[in-house]
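Peer 1:
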Amino acid sequence: MPLAGPTTALIVDDHPFVRRGIADFLSRQGFAVTEAGDVAAAWAIAQHQPPHVVILDIIFPRAPGTTAAEAPAPGLQLGKQLKSTHPTLGLIFFSSHMHFT
């Protein structure tokens, strides 16, 4: 069954330059794009208006006072939460980090 209207995409990355580049590319391909710069904003957007696909960075800056053990990969955790509440959601993960420590 075809989608009604454009495919919606939520881009989640803490770097505005990266978000804007992906958003510009997807917009030219006909996607309706929303952006979030952190996990909390992405969660709020996805709960209010679930997108068809989320393009999600794996690593985000940790909150002051937290360790890698407490928040190893916030993007992966968000992806799991989003998928559990929106099972048909498409997820694309990416990261420029070489390791997760």
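Residue numbers for the sequence shown follow the numbering used here, so the first one is 1 and each next one is one higher. By construction, the Cβ of each residue, glycine as well, lies at the ideal position given by its N, Cα and C atoms. Values in this document were obtained by computation on a predicted structure and should not be read as measured data.
DSSP on M1, reduced to helix/strand/coil?
Peer 2: Caution applies to M1, whose pLDDT of 45 falls short of 50 and renders its modelled position unreliable; the value that the coordinates give is listed next. Three-state DSSP puts M1 in coil, outside helix and strand.
Peer 1: Below 9 angstroms between beta carbons: does that hold for V12 and G75?
Peer 2: Taking 9 angstroms as the Cβ cut-off, V12 and G75 qualify as a contacting pair.
Peer 1: With a 10 Å radius around its C-beta and 16 neighbouring C-beta atoms as the bar for buried, classify G79 as buried or exposed.
Peer 2: Its Cβ being crowded by 16 or more others within 10 Å, G79 is buried.
Peer 1: For the beta strand (DSSP E) containing G90, name the first residue and the last one.
Peer 2: G90 to F94
Peer 1: Classify D57: buried if its beta carbon has 16 or more other beta carbons within 10 angstroms, exposed otherwise.
Peer 2: By the neighbour-count criterion, in which a residue is buried when 16 or more other Cβ atoms sit within 10 angstroms of its Cβ, D57 is buried.
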